[in-house]
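If you read the sequence shown in this note's numbering, its first letter stands for residue 230, the second for the next number, and so on. Backbone N, C-alpha and C fix where the C-beta goes; we use that ideal spot for every residue, glycine too. Keep in mind it's a predicted model, so treat the numbers as computed, not measured. What follows is a single structure, written as structure tokens, with notes after it.
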Amino acid sequence: MPFSDLSIPKAKELFDLNVWSYLAVTQAFLPLLLKSKGMIVNQTSGASVVTVPFQSAYNASKAAIAMFSDTQRLELQPFGITVVDLKTGVTKSNVMNTQKDKPRSLLPKGSLYEPAKEAVESSMNGEKLAEGAMETQEYGDLVVRNLLKKKPPPLIWTGGLNAWLIRIAMFLPFGMLDGTIKKMTGLQRGLANKIILVLGRY
Numbered sequence: 230m231p232f233s234d235l236s237i238p239k240a241k242e243l244f245d246l247n248v249w250s251y252l253a254v255t256q257a258f259l260p261l262l263l264k265s266k267g268m269i270v271n272q273t274s275g276a277s278v279v280t281v282p283f284q285s286a287y288n289a290s291k292a293a294i295a296m297f298s299d300t301q302r303l304e305l306q307p308f309g310i311t312v313v314d315l316k317t318g319v320t321k322s323n324v325m326n327t328q329k330d331k332p333r334s335l336l337p338k339g340s341l342y343e344p345a346k347e348a349v350e351s352s353m354n355g356e357k358l359a360e361g362a363m364e365t366q367e368y369g370d371l372v373v374r375n376l377l378k379k380k381p382p383p384l385i386w387t388g389g390l391n392a393w394l395i396r397i398a399m400f401l402p403f404g405m406l407d408g409t410i411k412k413m414t415g416l417q418r419g420l421a422n423k424i425i426l427v428l429g430r431y
């Protein structure tokens, strides 16, 4: 959903799920982790690094938990607890299957992006991104192999489109990947020719 049409209560619910639940669960299990010198694996996302249009609340929640995870890593190092940030890209999973059964996310009437409704709704529903999804078995094998290493890496990059796109995004000048992201999400195709219609309203 474009940020201009976003429901703030729904965005808060998303942060409750993607950020505050992590904090609550980690605090609850911390006594056991201290005894076992265990490992915490935080499921973040490529969206914590690469900007995906029309997913502002999701992107922000994943960026927040990624920073929380890295801070947690430093704070828990003295106690022998390992913290891993699992930066997952698009992966075939049950989430994608259940998503198909749900009604598509739709722009509200009067949205700023209504002239490009078809392209924007396609992007909101992740239809272009789903084409590059990694197979579930391949994803699981990669993650487990990394976690079982004697010294697991603090960041595990995996999932469709993740291996190359997110890694290079970390080192490129700000905004360098904008064109690539627009093509992947359909944003460039749908909005470029219609933005003048939006501007004409004001």
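Are residue i and residue j closer than 9 Å when you measure CB to CB?
| i | j | result |
| --- | --- | --- |
| Ala286 | Leu235 | yes |
| Val254 | Ile294 | no |
| Met268 | Leu384 | no |
| Asn288 | Thr300 | no |
| Gly275 | Val319 | yes |
| Leu243 | Ser290 | yes |
| Leu262 | Leu303 | no |
Go ahead and pull the three-state DSSP assignment for residue i.
| i | result |
| --- | --- |
| Ile385 | strand |
Rounded to whole angstroms, what is the Cα-Cα separation between residue i and residue j?
| i | j | result |
| --- | --- | --- |
| Trp386 | Lys316 | 5 Å |
| Asn354 | Asn271 | 24 Å |
| Gly309 | Pro337 | 50 Å |
| Phe232 | Thr273 | 21 Å |
| Phe258 | Ser277 | 25 Å |
| Pro307 | Pro382 | 17 Å |
| Glu367 | Thr311 | 24 Å |
Sort out for me which residues DSSP pairs residue i with in a bridge.
| i | result |
| --- | --- |
| Asn271 | Asp314 |
| Met363 | Thr320 |
Spatial neighbours of residue i within its chain, please: C-beta separation below 8 Å, excluding the five flanking residues on both sides.
| i | result |
| --- | --- |
| Leu428 | A caution first: Leu428 carries a pLDDT of 48, below 50, which makes its placement in the model unreliable, though a value can still be read off. Cβ neighbours of Leu428 beyond the five flanking positions: none. |
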